[in-house]
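Chemist:
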Amino acid sequence: QVQVAESGGGLVQPGGSLRLSCAASGSIFVFAVMGWYRQAPGKQRELVASIQLSLSRNTNYADSVKGRFTIARDNAKNTVYLQMNSLRPEDTAVYYCNVDNGRLGSYWGQGTQVTVSS
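The sequence shown begins at 94 in the working numbering and counts up one residue at a time.
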């Protein structure tokens, strides 16, 4: 079993910044992938960014956030961070953390609201 907990959402003005944190606990596979997804009202959940927990540290970003968002990890804490800069109103959504634990399953956090509005 894996537990996932997000934090760091809130209200920010356009052009502002927020940092989201995702802490995972339990049996984390060494080659697991942790990622952030988001879901806006009336839209499908979409991948924002992901990072491998292996030595490769490979990352993947949605085109809409490249150059503005950065995903980073602290393996010692099984924690992943999403630094979001130059936020836009279209970034407003509920952000979910996911742990893709390979054959051991996929786990989701409860979500954290990010609202970008003046």
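Note that the Cβ used here is the ideal one computed from N, Cα and C, for glycine as well. Because the structure is a prediction, the values reported are computed rather than measured.
Mark serine 143 as exposed unless 16 or more other C-beta atoms lie within 10 angstroms of its C-beta, in which case mark it buried.
Modeler: Your numbering for residue 143 matches position 50 in the sequence shown. Buried, by the Cβ-count rule.
Chemist: Should the stretch 98–116 be called in touch with the stretch 168–176, which here means at least 3 C-beta pairs below 8 Å?
Modeler: As far as the Cβ criterion goes, the stretch 98–116 touches the stretch 168–176, which means the pair count is three or higher.
Chemist: Strictly by DSSP, which residues pair up with valine 141?
Modeler: In the sequence shown, the residue the question calls residue 141 occupies position 48. Its beta-bridge partners do not exist; DSSP assigns none.
Chemist: Select from Cys190, Arg161, Leu197, Asp167 the residue whose C-alpha is nearest the C-alpha of proline 107.
Modeler: As a working mapping, residue 107 is identified with position 14 in the sequence shown. Measuring from the Cα of proline 107, the nearest candidate turns out to be Arg161.
Chemist: With a threshold of 16 other CB atoms inside 10 Å of the CB of asparagine 194, please say whether the residue is buried or exposed.
Modeler: Here residue 194 corresponds to residue number 101 of the sequence shown, with the count starting at 1. With 16 or more Cβ atoms within 10 Å of its Cβ, asparagine 194 is classed as buried.
Chemist: From this set, Ser149, Ser199, Asn191, Thr185, which residue's C-alpha is nearest threonine 208's C-alpha?
Modeler: Sequence index remark: in the sequence shown, residue 208 carries index 115 (1-based). Nearest of Ser149, Ser199, Asn191, Thr185 to threonine 208, Cα basis: Thr185.
Chemist: Please state the DSSP three-state secondary structure of glycine 195.
Modeler: Against the sequence shown, residue 195 aligns to sequence position 102. Helix, per DSSP.
Chemist: Pick from Ser100, Val123, Glu99: whose alpha carbon is nearest that of alanine 169?
Modeler: On the sequence shown, residue 169 is found 76 positions in, with the first residue counted as 1. Measuring from the Cα of alanine 169, the nearest candidate turns out to be Val123.
Chemist: Once DSSP output is grouped into helix, strand and coil, what is the label at alanine 169?
Modeler: Start at 1 with the first residue of the sequence shown, and residue 169 comes out as number 76. In the structure shown, alanine 169 sits in a helix (DSSP, three-state: H, G or I).
Chemist: Does the distance from the C-beta atom of isoleucine 164 to that of tryptophan 201 stay below 8 Å?
Modeler: Within the sequence shown, the letter at position 71 stands for residue 164. Within the sequence shown, the letter at position 108 stands for residue 201. Not closer than 8 Å, so no.
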